[in-house]
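Okay, so here's the structure we're looking at.
2 protein chains.
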Amino acid sequence: MNDDKSNIIVVCHALTGSHHAAGYYEGENKPGWWDGFIGPGKTLDTDEYFVICTNVIGSCFGSSGPMSTMYPHHEEYRYKFPVVSIKDMVKAQRILFDRLGIHHVHAIVGGSMGGMQALQFAIHFPKFADKIIAMAATYATQPWAIAFNKVAQESILHDPNFKNGYYDPEDIHENGLSGMAVGRMAGHISFLSPHSMQEKFGREYKRTDGLYELFGKFQVESYLEYNGHNFTKWFDPLAYLYITKAINIYDLSRGFDSLEQALLKIESDMYLVGFKDDMLFKSEEMKLIADRLATRKTLKSDYLEVDSNYGHDAFLVELEKFDKYVIKALHE
Amino acid sequence: MNDDKSNIIVVCHALTGSHHAAGYYEGENKPGWWDGFIGPGKTLDTDEYFVICTNVIGSCFGSSGPMSTMYPHHEEYRYKFPVVSIKDMVKAQRILFDRLGIHHVHAIVGGSMGGMQALQFAIHFPKFADKIIAMAATYATQPWAIAFNKVAQESILHDPNFKNGYYDPEDIHENGLSGMAVGRMAGHISFLSPHSMQEKFGREYKRTDGLYELFGKFQVESYLEYNGHNFTKWFDPLAYLYITKAINIYDLSRGFDSLEQALLKIESDMYLVGFKDDMLFKSEEMKLIADRLATRKTLKSDYLEVDSNYGHDAFLVELEKFDKYVIKALHE
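In order, the protein sequence lines correspond to chains B and C. Sequential numbering of the first sequence, starting at 3, is according to our numbering. Sequential numbering of the second sequence, starting at 3, is according to our numbering.
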């Protein structure tokens, strides 16, 4: 951080992300979730900027969530944990930043649920950031995205090992939770797209499986299975229910008469990035925000539509398609 | 049926359909699945045509399926039932038609898995039908569709009440099977589209539910829940596994060096219908077949792209968008 605290960038993470955005923790062999984007000489250049990322409230990686223990007992909240909103996530971060003596930042950057947070920051703390860079998000979660979350939620709730929310977290950590695995498979469909799946898997079949075996697998099936089951070893099911709920009820216009009224609050320079093939938060949803912002003559705003076949995941993997745009946004 | 048997139309049903394509059975208050399309004075006009629809092999509504009993025992096949293909479904129908003295038909019409059957008929029994009308299908099931089936299959397999396939069908008929319900919810996502969901549900929330209740519901969630759970009362889970497997391994080019080689077999007039917003079998997949067929100068073939926002379900509900096309195809 430089002396006048003018080089701070806040990064906001997505549904299953965490504060571990880049670099390696001791003993880990996998870097943070946006490691290709953040670091010395990278897009969010840590030689130039002081980058902060905090875990959102409701999650299971540090901030308070449904499996945190209630003071002064040592019981977990579980369903006593309140439903949180994206706005709550943003407010909690703002309180933390105040404690850290950070009252203003250069930029807030995020994709997916991180993009929602960036947009909420822009509306509710208009003077907090000079620049907002929001990617692969939306103005309000649409029913298609809610439907995917629904499959995941129902799949968790119906798993007998979930024990109606009174599971032993150690047990799930060790043995997984098949209901959450299946739900996550549905999630992975929404993170890709018909085109990206065609490119990634085509109709490749597992070499050792027979085509006419009932349980013989296409590569896409192996991919979903692996990612689904693996996921349950590192993510908490109640946190998943709470965070997907926060995403579902996210609506920038809440508390205002309309989206237009909400967007009128914004004072930061706005940079929006949509991905052509994003099936979860469609680029036209980002474009809609951009179009509304463009009517405000005194506000600086811009929109980039990335021509990508990678689906929603593009903001995590096709960094070379928007890195220059972000560098320019940070410097202009 | 007229004397020279020249007015026969074969209708092929989709995944969860049956031979009950139109009209009411005694005591029923719901007509067949394509009732708006088939009947006196309708598109497939039963005053003019003799329309036949048979239940596919592997299904649970009449033809042999995994819950049929093995002769001479009275045990169900369950996993002893062989994996069947769309080609097997078509061959079984052809054998039936031969028994009925029907060796040639005017047209074969079907959508979704019914469209796959129509295309298989065209390739494997080139002289059987004068006209093939295939809608909302594909040349080979793509990974995006396989992925949706995967979620449904895994969800069924992990439900303890499925009992690894050794469930009591009466029990499931009465109590449902939550794993199949969740899987079917994923299916319903693929039958609609982002646009159709926006139009149908928007962000409407159940009037009696609180927005900040963890289990408060958006209308789209109610829709999925209702349809998912209802489905398990009338469909068999093993049949679902077998038929989705048949769909997954469907590939018109199987047994040929290429799709082109397969399509060279066709002698019928071909009418293909794709739906712009179909998320399960994309219109470009139908267009691909049409483009290949168009290179055969001596073959009559045509393609209609229906401008629909209704998603895959359009072939069942937006009949007015292709009924005239089908009537013309049948008569020209």
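Ideal Cβ positions, reconstructed from N, Cα and C, are used throughout, including at glycine.
Item: Interface flag, W146 (chain C) vs chain B, CB-CB below 9 Å; Value: yes
Item: Assigned secondary structure, M72 (chain C) (DSSP; H/G/I helix, E/B strand, else coil); Value: coil
Item: Residue range of the unbroken alpha helix (DSSP H) whose run includes S198 (chain C); Value: 196–202
Item: DSSP bridge partner residues for D271 (chain B) (one or two, in chain order); Value: B:K133
Item: Simplified DSSP state of D173 (chain C), which is helix, strand or coil; Value: helix
Item: Spatial distance of Y214 (chain B) from S224 (chain B) (CA atoms); Value: 16 Å
Item: At least three beta-carbon pairs within less than 8 Å, the region 77–84 of chain B to the region 105–119 of chain B; Value: no
Item: Beta-carbon neighbours of K165 (chain C), restricted to chain B and to distances below 7 Å; Value: Going along chain B, no residue has its Cβ under 7 Å from K165 (chain C), so there is no contact; the nearest lies around 13 Å.
Item: Alpha-carbon to alpha-carbon, F164 (chain B) and G29 (chain B); Value: 31 Å
Item: Touch test, the region 238–258 of chain C against the region 111–128 of chain C, Cβ-Cβ under 8 Å, three pairs minimum; Value: yes
Item: Status (buried if at least 16 other CB within 10 Å, exposed otherwise) for N151 (chain C); Value: buried
Item: Own chain residues within Cβ distance below 6 Å of A94 (chain B), not counting five before or after; Value: I59
Item: Heavy atom of the ligand GTP within 8 Å of F83 (chain C) beta-carbon; Value: As far as ligands go, the structure on display features none, and thus does not contain the ligand GTP.
Item: Cβ of T143 (chain B) within 9 Å of any chain C Cβ; Value: yes
Item: L321 (chain C) - DSSP class collapsed to helix/strand/coil; Value: helix
Item: Contact check, N311 (chain C) vs E201 (chain C), beta carbons under 9 Å; Value: yes
Item: Opening and closing residue of the beta strand (DSSP E) in which G112 (chain C) lies; Value: 107–113
Item: Run of the beta strand (DSSP E) containing Y79 (chain C), from where it starts to where it stops; Value: Neither: Y79 (chain C) is in no beta strand (DSSP E) and is coded neither H nor E.
Item: Residue-level contact to chain C via CB, Y81 (chain B), 9 Å cutoff; Value: yes
Item: Other residues of its chain near A120 (chain C): CB distance less than 6 Å, five sequence neighbours each side excluded; Value: C14, I110, G112, I134, A136
Item: Cβ-Cβ distance between M288 (chain B) and L266 (chain B) below 9 Å; Value: no
Item: Contact belief for S303 (chain C) with S157 (chain B) at Cβ below 8 Å, rounded distance in angstroms; Value: About 43 Å; that fails the 8 Å criterion.
Item: Option in C:F283, C:D238, C:L226, C:G19 with minimal Cα separation from M69 (chain C); Value: C:D238
Item: Among C:W236, C:H76, C:G181, nearest to P171 (chain C) - alpha-carbon criterion; Value: C:W236
Item: Burial state of M72 (chain B), where buried means 16 or more other Cβ atoms lie within 10 Å; Value: exposed
Item: Per-residue DSSP class, three states only, for V58 (chain B); Value: coil
Item: A154 (chain C) versus C:D173, C:L98, C:D271, C:A241, residue with shortest Cα-Cα distance; Value: C:A241
Item: Contact residues within the region 11–23 of chain C, judged by C-beta distance below 8 Å to chain B; Value: none
Item: Limits of the unbroken alpha helix (DSSP H) element including I191 (chain C); Value: 180–193
Item: Chain B contact for G41 (chain C) (CB, 9 Å cutoff); Value: no
Item: Minimum length 4: unbroken alpha helix (DSSP H) runs contained in the region 207–273 of chain C; Value: 221–233, 239–251, 261–265
Item: Neighbourhood of M340 (chain C) by C-beta, 6 Å cutoff - its chain only, sequence neighbours within 5 removed; Value: The shown model of chain C, from 3 to 334, leaves out residue 340 (chain C), and the question about it has no answer.
Item: Chain-ordered residues of the region 204–220 of chain B with a beta carbon less than 9 Å from chain C; Value: G204, R205, E206, Y207, G212, L213, Y214, E215, L216, F217, G218, K219, F220
Item: Outcome for I174 (chain C) when other beta-carbon atoms lying within 10 angstroms are tallied against a minimum of 16; Value: buried
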